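Visitor:
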Amino acid sequence: MKLVQSGWAIPYFIYPNAVSATDEGAWEYDSLNFVQDAAVKAREKNLGVWPYIHDVLIPMELRFLIRREPPLKYCADLKNMLLYPPQQYYKVLIENRLFF
Numbered sequence: 094m095k096l097v098q099s100g101w102a103i104p105y106f107i108y109p110n111a112v113s114a115t116d117e118g119a120w121e122y123d124s125l126n127f128v129q130d131a132a133v134k135a136r137e138k139n140l141g142v143w144p145y146i147h148d149v150l151i152p153m154e155l156r157f158l159i160r161r162e163p164p165l166k167y168c169a170d171l172k173n174m175l176l177y178p179p180q181q182y183y184k185v186l187i188e189n190r191l192f193f
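Taking the numbering used here, the leading residue of the sequence shown gets 94, the next gets one more, and so forth.
#1: How would you call L176, buried or exposed, if buried means at least 16 neighbouring beta carbons within 10 angstroms?
#2: Taking the straight line between their C-alpha atoms, what separation do you get for Y182 and M174?
#3: To test your reading of the DSSP string, which unbroken beta strand (DSSP E) runs of 3 or more residues are found completely within the stretch 112-182?
#4: Have a look at F106, K134, L140, G141 and flag the residue whose alpha-carbon is nearest the alpha-carbon of S124.
#5: Report buried or exposed for I151, applying the criterion of at least 16 other Cβ atoms within 10 angstroms of its Cβ.
#6: Using DSSP bridges, identify the partner residues of G187.
#7: Taking contact to mean 3 or more Cβ pairs, one atom from each stretch, closer than 8 angstroms, check whether the stretch 96-105 and the stretch 141-158 are in contact.
And the structure:
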């Protein structure tokens, strides 16, 4: 968490690890929201890697290149509640991405 707060790590949320079910069957996003807020604050303050985020490959993009495979996971935009096909993940802000 400290790495996200200081801007040296970016969130990478994958379903179902990022959410938890309540006894009533609803979904909770508590830990996800906590990390999301920390990433937004770090980005707004230009901490760590954030000033260079458009000039570097994030880890998942590096894996695409090394494996020579396109993205396979669908990407949900948690803020706008939209679902994007795997090749359009980049349209969602990093802190709002939830992969399936």
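Virtual Cβ for every residue (Gly too), placed ideally from N, Cα, C.
Nothing here was measured: the structure is a model prediction, and the numbers come from that model.
Guide: To lay it out plainly:
#1: Answer is exposed; the Cβ neighbour count stays below 16.
#2: Looking at the two C-alpha atoms, the distance is approximately 13 angstroms.
#3: Taking only runs of at least 3 residues, the beta strand (DSSP E) segments lying wholly in the stretch 112-182 are 168-170, 175-177.
#4: Of the candidates F106, K134, L140, G141, the one whose C-alpha sits nearest the C-alpha of S124 is F106.
#5: The residue is exposed, with fewer than 16 neighbouring Cβ atoms inside 10 Å.
#6: In the sequence on display, residue 187 carries Ile and not Gly. Note: I187 sits in no beta bridge, so no partner.
#7: Result yes; three or more Cβ-Cβ pairs closer than 8 angstroms.
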